[in-house]
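According to mature numbering (1 follows the signal peptide of the UniProt record, and there is no 0), the stretch in the sequence shown is residues -23 to -1, 1 to 269, in order.
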Amino acid sequence: MRRLLLTTALSLAAILSVSSLRAAPDQGAMPQGGTPPSAPSVGAEPLKPGKPAVKPYLSDTALPDPLKILPPPPAHHSPLDNADHAAFTSTRALKGTARWNLAANDVAEGAAAVLENFACVLGVRIDAGKVPATINLLERARLDLARMTRIPKVHYRRLRPFVGNESPICVQRTQALADSFSYPSGHATQGWAYALIMAALVPEKSTAILARGRAYGESRVICGVHWLSDVAAGRTNGSSTFAALMGDTGFRSDLDKARTELRGALTEGSSPPDVAFCTREAEALREPPLEF
């Protein structure tokens, strides 16, 4: 996608409250048709009565410092900021296309949703209830990813691209979404880290898994809820978290358990994904990737 330079930028709203950074529940896959609900920044699902506590893998001292790893968001009117605005403006024309619809479907996030997101790539729809070790691995890692995302979001307080205009976005406009910060993208952080984890679990499908993980992050730009540079930072953020997780003995142990479990789920004849949906997904993914 060609990066056009724009000469105008979105007007800034008042400084937003940090208290608006709320945890986002796992929303599962979007039903066919309609506009999906908005998903604010990635966070931990609130505990339900009787649900055992899920703990992150990384201690505070083991968690990387995203403020030292990520660059600041692009300065206003800088070439990268202009490219961010150009990408937002040009991708509004994708409304109603297969790529737009896939972006809307990619709003779902969390452990169960990632299995659905990779169903076409894996060639199998995996019942989350049959792979508890895999779900535990992803949910615990999700808590670390949420912490890595929340720190720079609160620090930089960047506004989302749809704030201050009426341009179409692929999710419902809500105050909670508008009041959550944009940099880096939590979905891109989680999606890329999950792709790295899934590639480690099913290495023979790593190329297709990682390509799908890239597209999952780009869906946030297509959706109009994140800037292009938010997604680029999310990939770096996800990679940083995954690298730290690989240094944790508990994570590596759980990774081995999940690999064995998932291997069994892939070979025991689980139901195939919907052919029509996978055809539409493949069509959407033939779109050229967004340029960074």
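The beta-carbon is built from N, C-alpha and C at its ideal position, and this holds for glycine as well.
Check: By DSSP, does V208 sit in helix, in strand, or in coil?
Finding: Here residue 208 refers to the residue found at position 231 of the sequence shown. It is helical.
Checklist line | Alpha carbon of G163 to alpha carbon of D231, nearest angstrom | finding: Indexing the sequence shown from 1 puts residue 163 at position 186. Indexing the sequence shown from 1 puts residue 231 at position 254. When rounded, the distance between both Cα atoms is 23 Å.
Next item on the list: Name the two residues that bound the continuous alpha helix (DSSP H) containing V252.
Entry: The count along the sequence shown starts at 1 and reaches residue 252 at position 275. Element bounds for V252: V252 to L262.
Note to self: What does the Cβ neighbour count give for G211, buried or exposed, with the cut at 16 atoms within 10 Å?
What the structure shows: The count along the sequence shown starts at 1 and reaches residue 211 at position 234. G211 counts as buried, since no fewer than 16 other beta carbons sit within 10 angstroms of its beta carbon.
Next item on the list: Compute the Euclidean distance between the alpha carbons of A235 and C147, then round it to the nearest angstrom.
Entry: Here residue 235 is taken as the residue at index 258 of the sequence shown, counted from 1. Here residue 147 is taken as the residue at index 170 of the sequence shown, counted from 1. Between the alpha carbons of A235 and C147 lies a distance of about 33 Å.
Next item on the list: Would you grab the beta carbon distance between P129 and L47 for me? Rounded to a whole angstrom, and I think it's under 8 Å.
Entry: Sequence index remark: in the sequence shown, residue 129 carries index 152 (1-based). Sequence index remark: in the sequence shown, residue 47 carries index 70 (1-based). With a beta-carbon spacing of about 6 Å, P129 and L47 fall inside the 8 Å limit used to define contacts.
Margin query: I need the DSSP call for G5, collapsed to helix, strand or coil.
Written below: In the sequence shown, residue 5 corresponds to position 28, counting from 1. Only weak support exists for where G5 lies, its pLDDT of 35 falling under 50; the value from the coordinates is given anyway. G5 falls in the coil class under three-state DSSP.
Margin query: Short of 6 Å in beta carbon distance, which residues of its chain neighbour P250, apart from the five on each side in sequence? Order them along the chain.
Written below: Stepping through the sequence shown from its first residue, residue 250 is reached at position 273. Within the same chain, P250 has close Cβ partners A96, C97 and R102.
Margin query: Which same chain residues end up closer than 7 Å to P161 when comparing Cβ atoms and leaving out the 5 residues on each side of it in sequence?
Written below: Along the sequence shown, read from residue 1 onward, the residue named residue 161 stands at position 184. So the qualifying residues of the chain are L47, T126, P129, D207, A210, G211 and N214.
Next item on the list: Using three-state DSSP, classify D225 as helix, strand or coil.
Entry: As a working mapping, residue 225 is identified with position 248 in the sequence shown. DSSP places D225 in coil when its eight states are reduced to three.
Checklist line | Separation of A176 from T237, as counted between CA atoms | finding: In the sequence shown, residue 237 corresponds to position 260, counting from 1. In the sequence shown, residue 176 corresponds to position 199, counting from 1. If I take the Cα positions, the gap works out to 14 Å.
Check: Hey, which unbroken runs of the alpha helix (DSSP H) at 4 residues or more fall wholly within the region 80 to 166?
Finding: If only complete runs of 4 or more residues are kept, the region 80 to 166 shows the alpha helix (DSSP H) at 88 to 94, 96 to 99, 109 to 133 and 152 to 155, in order along the chain.
Item checked: Cβ-based burial, R117 [other Cβ within 10 Å; buried from 16] -> Here residue 117 is taken as the residue at index 140 of the sequence shown, counted from 1. Buried is the call here.
Item checked: Span separating the alpha-carbon of P43 from that of E258 -> In the sequence shown, counting from the first residue as 1, residue 43 sits at position 66. In the sequence shown, counting from the first residue as 1, residue 258 sits at position 281. In a straight line, the C-alpha of P43 is about 32 Å away from that of E258.
Notebook entry, point to check: Is DSSP giving E195 helix, strand or coil here?
Noted result: The residue given as residue 195 occupies position 218 in the sequence shown. Looking at E195 - three-state DSSP - the assignment turns out to be helix.
Check: Does the pairing of the region 69 to 77 with the region 222 to 231 give three or more beta-carbon distances under 8 Å?
Finding: Segment contact: the region 69 to 77 against the region 222 to 231, fewer than three CB-CB distances shorter than 8 Å; contact not assigned.
Item checked: Coil, strand or helix - L40 by DSSP -> Within the sequence shown, the letter at position 63 stands for residue 40. Of the three classes helix, strand and coil, the one that applies to L40 here is coil, per DSSP.
Next item on the list: Under 7 Å Cβ to Cβ from D61, same chain only, skipping five residues before and after it: list those, please.
Entry: If you number the sequence shown from 1, residue 61 lands on position 84. Once the five neighbours on either side are set aside, the close Cβ partners of D61 are P51, W204, L205 and S206.
Notebook entry, point to check: Three-state secondary structure (DSSP) at A30?
Noted result: Taking the first residue of the sequence shown as 1, we reach residue 30 at position 53. Coil at A30, not helix or strand.
Margin query: Please return the same chain residues whose Cβ sits closer than 8 Å to the Cβ of G227, not counting the five positions on each side in sequence.
Written below: As a working note, residue 227 is residue 250 in the sequence shown. Here G227 has Y34 as same chain residues with Cβ atoms under 8 Å from its own Cβ, once five neighbours each way along the sequence are excluded.
Next item on the list: Evaluate R240 with the Cβ neighbour count: other Cβ atoms within 10 Å of its Cβ, from every protein chain shown; 16 or more gives buried, anything less gives exposed.
Entry: If you number the sequence shown from 1, residue 240 lands on position 263. In summary, R240 is exposed, with fewer than 16 beta-carbon neighbours lying within 10 Å of its beta-carbon over all protein chains present.
Item checked: Cβ-Cβ distance between R197 and S144 below 8 Å -> Within the sequence shown, residue 197 is the residue found at index 220, counting from 1. Within the sequence shown, residue 144 is the residue found at index 167, counting from 1. Cβ atoms of R197 and S144: not closer than 8 Å.
Note to self: Closer than 7 Å to a non-hydrogen atom of the ligand NAD - does that hold for the CB of P49?
What the structure shows: Of ligands this structure carries none, so the ligand NAD is not represented either.
Checklist line | Distance between beta carbons of R124 and F158, contact taken as under 8 Å | finding: For this step, residue 158 is matched to residue 181 along the sequence shown. For this step, residue 124 is matched to residue 147 along the sequence shown. R124 and F158 do not touch by the CB rule: their CB atoms are close to 15 Å apart, not below 8 Å.
Notebook entry, point to check: Can you name the start and end residues of the alpha helix (DSSP H) that A70 belongs to?
Noted result: The sequence position of residue 70 within the sequence shown is 93, counting from 1. Per DSSP, A70 is not a residue of any alpha helix (DSSP H), being assigned neither H nor E.
Check: Roughly how far, in whole angstroms, is the beta-carbon of L267 from the beta-carbon of A63, given that I think they are within contact range, below 8 Å?
Finding: Here the question's residue 267 lines up with position 290 in the sequence shown. Here the question's residue 63 lines up with position 86 in the sequence shown. The Cβ separation is near 11 Å, so there is no contact.
Checklist line | Integer-rounded CB distance, given that V91 should sit under 8 Å from V171 | finding: Position 194 of the sequence shown, counted from the first residue, corresponds to residue 171. Position 114 of the sequence shown, counted from the first residue, corresponds to residue 91. Reading off the sequence, residue 171 comes out as Tyr, not Val. Between Y171 and V91, the beta carbon gap of about 5 Å places them in contact (Cβ cut-off 8 Å).
Next item on the list: Confirm, please, whether the CB-CB distance from V179 to L114 is below 8 Å.
Entry: Along the sequence shown, read from residue 1 onward, the residue named residue 114 stands at position 137. Along the sequence shown, read from residue 1 onward, the residue named residue 179 stands at position 202. The criterion of a C-beta distance shorter than 8 Å is not satisfied by L114 and V179.
Next item on the list: Kindly indicate which residue of K45, G194, A89 and C200 has the alpha-carbon position closest to the one of Y133.
Entry: Here residue 133 refers to the residue found at position 156 when the sequence shown is read from its first residue. Closest option to Y133, judged by alpha-carbon separation, among K45, G194, A89 and C200: K45.
Margin query: Please state the DSSP three-state secondary structure of A181.
Written below: On the sequence shown, position 204 is the one that residue 181 refers to. For the sequence presented, residue 181 should be read as Glu rather than Ala. E181 sits in a helix when the DSSP states are folded into three classes.
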